[in-house]
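Sequence lines, in order, name chains A and B. Quick note, the numbering used here runs 211 ahead of the 1-based positions in the first sequence. Residue 32 in the numbering used here sits at position 51 of the second sequence; the count goes up by one each step and never skips.
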Amino acid sequence: MPPVVTVANLRKAYGPLVAVDDVSFEVEEGEIFGLLGPNGAGKTTTMECVEGVRKPDAGVIRILGHDPADRSDDLLRRIGVQLQEAQLQKRIRVWEAVDLWKTLFPETVDADGLLAELGLTEKRETKFMDLSGGQKQRLFIALALVNDPQVVFLDELTTGLDPQARRRIWELVLGMKERGKSVFLTTHLMEEAERLCDRVAIIEHGRLIEIGTAPELVRRHCPERTVHFSTADAATPELFSGVPGVSAIVHDGERFSLTGLGPDFISNVIERVAEHRLRVTDFRTETPTLEDVFLQLTGHSIRD
Amino acid sequence: MLRSAAQLAKLTWVEIKIFVREPMGVIGTVLVPVILFALLGRWMTRDLEAPSFVSSELPILAVLLVVIGAVLSLTTILAIYREGGILKRLKATPLSPLVILSAHVLVKLVLTSVTLLLLVVAGRRFYTGPPPAAPWSFLGAVIVVSLSLLSLGFVLASVVRTARFAQPVGSILLYSLLSISGLFFPVAALPGAWKTVALLSPLTHGVDLLRSAWAGAGWAGEWVALLALLANLVICVAVARRVFRWE
Ligand SMILES: Nc1ncnc2c1ncn2[C@@H]1O[C@H](COP(=O)(O)OP(=O)(O)OP(=O)(O)O)[C@@H](O)[C@H]1O
Ligand SMILES: [Mg+2]
């Protein structure tokens, strides 16, 4: 199946500031694709170019076979958009917004069903300005789904929400994928990218620096695993120096931390522990996350 | 085409409902002009035999105040919508930009009509000057003047950066133009540069057209005013199309 979105050598500058520089990627049908990067990395700019809200300076974008700059009716009918930090009229009621959006498309889903699915049935009559942050975001999701789109764009959907509201929205996004929709989202939350995205593209200073599934990226850039365990038995670091793949051993009282490479590293450690009949009181393994990949690639954490 | 019309109707209706939900807006743009007109009309026409300004100029002043109120409200709303990202959100839908802007003009026209209707009712009771000699011709003039001035609102909304400035900047401009529009004293009495400004101002031509329509003189004698108002409309729409910002 051809990708639903293809972006090749996209570039966009605001005056002297190059916000997006030579960015290329694809979004496959049915996947959740995430653009991950710190504030100001160029996520929104990239996404808005793909949506056709912004005009790129250079590059080729294809979405469902269309150039988004044409804003063709056929395309607009098949995509759903949620913008970062969007607002609606302060005094518009929830049902009115959905009703208004329904007139924009020839084919739409049932409004009551949609509101029920997003947990907004009780808020039907509430004005936009009286909704909580999470409810506003759910309304924006409803508006993005009114036309039962094939591709959904979600820009920083959960920023500013508490963990509970965030989890609820994650469920909704996974639900979209289950129904066969392709989702293109941006986030600067590692956990969000890890939980939701089939594939992640890491963007910084307007450039894509990596792209792949989270496990792939971890394997590629942070292949080492660390095993932590404690034992009261007499054990010395030397006991482990011969474990295949081991690269670092830290020993502090009863606690050991072994770091090493290779798919069998953890089994090797376990074997060695068994060989020496050590009574282990605590054992856990630490697998690097996207966070570590990001740190490795950029030299800083995504939050600074 | 049909869908655009349906969208326009729906958006206009939603915007009217939203407007009515804000009490200050309704009081400011609808009730204040009507109450002022009623008070002034009663006070000024009560004891006078043939008051020159009052008898025919007061209705024209009232109409212009209503239209200016609508223009200011349009400017402010567009600025607020832009600042809040609402225009951008609407633009990211299949909704045509033209439909969005037309809806706002329609809302203002509806509002102006309601206010004028109330003025007529109030006029029956509180205003004892002569009624318009040709009501339909006067209504036509009101519509032309409204459209022409509302188009100025789009230019204003494009030029002012923030919603906070929309109201004061718009007020200063429009009320200044009103003061030299020939309603209070003849344009000919203005000093040189001001006279030029007055002659270029759509408000001056609006006064001419409304006055002549009220007096029943018809539009034929006022083709300069009519042309000037239409030219203003065309120019403003063209300028707004170029400079209007959605975000
Ligand atoms: N309309 C604009 N005019 C000028 N500069 C802009 C504009 N929009 C964005 N920028 C700049 O372009 C860069 C990229 O911005 P963008 O909004 O795409 O980043 P982002 O990754 O979405 O950030 P965030 O996580 O904060 O949303 C930033 O430096 C920003 O200041
Ligand atoms: Mg952003």
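Idealized CB from N, CA, C, for every residue including glycine.
C-alpha gap between residue i and residue j, whole angstroms
i: B/Ala31; j: B/Ser160; result: At B/Ala31, the pLDDT of 44 sits below 50, so the modelled position is not reliable and the matter cannot be decided from this model.
i: A/Arg288; j: B/Ile124; result: 37 Å
i: A/Thr496; j: A/Arg436; result: 7 Å
i: B/Ala196; j: B/Leu39; result: 13 Å
i: A/Ala230; j: A/Val264; result: 15 Å
i: B/Pro56; j: B/Gly134; result: Reading off the sequence shown, one finds Thr at residue 56 of chain B, where the question assumed Pro. So the alpha carbons of these two residues sit roughly 5 Å apart.
i: A/Arg335; j: A/Ala327; result: 10 Å
i: B/Ser139; j: B/Ile153; result: 17 Å
i: B/Val80; j: B/Leu(-11); result: 6 Å
i: B/Pro14; j: B/Val7; result: 11 Å
i: A/Arg488; j: A/Asp444; result: 9 Å
i: A/Pro434; j: A/Pro499; result: 8 Å
i: B/Leu184; j: B/Arg226; result: 26 Å
i: B/Ala241; j: B/Val168; result: This structure does not reach residue 241 of chain B, given that chain B is present from -18 up to 228, and the question cannot be answered.
i: B/Phe165; j: A/Lys223; result: 54 Å
i: A/Ile274; j: A/Val362; result: 9 Å
i: A/Glu465; j: A/Val484; result: 14 Å
i: B/Val126; j: B/Asp189; result: 10 Å
i: A/His416; j: B/Ala60; result: 31 Å
i: A/Glu403; j: A/Trp381; result: 8 Å
i: A/Thr397; j: A/Ile290; result: 16 Å
i: B/Arg63; j: A/Phe364; result: 21 Å
i: B/Val101; j: B/Trp24; result: 17 Å
i: B/Lys72; j: A/Leu294; result: 11 Å
i: B/Val150; j: B/Val141; result: 8 Å
Exposure label - residue i; buried when at least 16 CB within 10 Å
i: A/Gln375; result: exposed
i: B/His186; result: buried
i: A/Trp312; result: buried
i: B/Lys(-9); result: buried
i: B/Leu97; result: buried
i: B/Pro75; result: buried
i: A/Asp154; result: Here chain A has residues from 212 to 515 only, and residue 154 of chain A is not among them.
i: A/Asn220; result: exposed
i: A/Pro360; result: buried
i: B/Val215; result: exposed
i: A/Arg431; result: exposed
i: A/Pro426; result: exposed
i: A/Gly371; result: exposed
i: B/Tyr156; result: exposed
Span of the beta strand (DSSP E), counted from its first residue to its last, around residue i
i: A/Thr496; result: 491 to 497
i: B/Asn213; result: No beta strand (DSSP E) holds B/Asn213; the alpha helix (DSSP H) holding it covers 204 to 224.
i: A/Phe244; result: 243 to 247
i: B/Gly110; result: Here B/Gly110 belongs to no beta strand (DSSP E), and DSSP marks it neither H nor E.
i: A/Ile414; result: 410 to 415
i: A/Val229; result: 228 to 238
i: A/Asp463; result: 457 to 463
i: A/Arg516; result: Absent from the model: residue 516 of chain A. The displayed extent of chain A is 212 to 515, so no value can be given.
i: B/Arg2; result: Element bounds for B/Arg2: n/a, residue is neither H nor E.
i: A/Leu396; result: 393 to 398
i: A/Lys266; result: Segment: none, A/Lys266 is in no beta strand (DSSP E) and carries neither H nor E.
beta-carbon residue i near ligand 1 non-hydrogen atom, thresh 7 Å
i: A/His432; result: no
i: A/Tyr225; result: yes
i: A/Gln295; result: yes
i: A/Thr256; result: yes
i: A/Val220; result: Going by the sequence as given, residue 220 of chain A is Asn instead of Val. No, ligand 1 has no heavy atom inside 7 Å of this Cβ.
i: B/Ala(-14); result: no
i: A/Ala252; result: yes
i: A/Ala230; result: yes
i: A/Gly248; result: yes
Contact test: residue i Cβ vs ligand 2 heavy atom, cutoff 7 Å
i: B/Glu228; result: no
i: A/Glu367; result: yes
i: A/Thr398; result: no
Start-to-end residues for the alpha helix (DSSP H) that takes in residue i
i: B/Gly187; result: 183 to 195
i: A/Asn479; result: 476 to 486
i: B/Gly199; result: Note, B/Gly199: premise wrong, no alpha helix (DSSP H); not H, not E.
i: A/Glu421; result: Per DSSP, A/Glu421 belongs to no alpha helix (DSSP H); it is in the beta strand (DSSP E), 418 to 423.
i: B/Arg229; result: Nothing about residue 229 of chain B can be read from this structure; chain B reaches only from -18 to 228.
i: A/Arg378; result: 374 to 389
i: B/Val140; result: 116 to 140
Practice item. Check whether the region 264 to 280 of chain A touches the region 311 to 331 of chain A, counting contact only when three or more Cβ pairs, one atom from each stretch, lie closer than 8 Å. Key: no
Review point. Are there three or more Cβ pairs, one per stretch, closer than 8 Å when the region 398 to 414 of chain A is compared with the region 237 to 250 of chain A?
Key: yes
Point to revise | Segment contact flag, the region 109 to 121 of chain B with the region 49 to 63 of chain B, C-beta cutoff 8 Å, min 3 pairs | key: no
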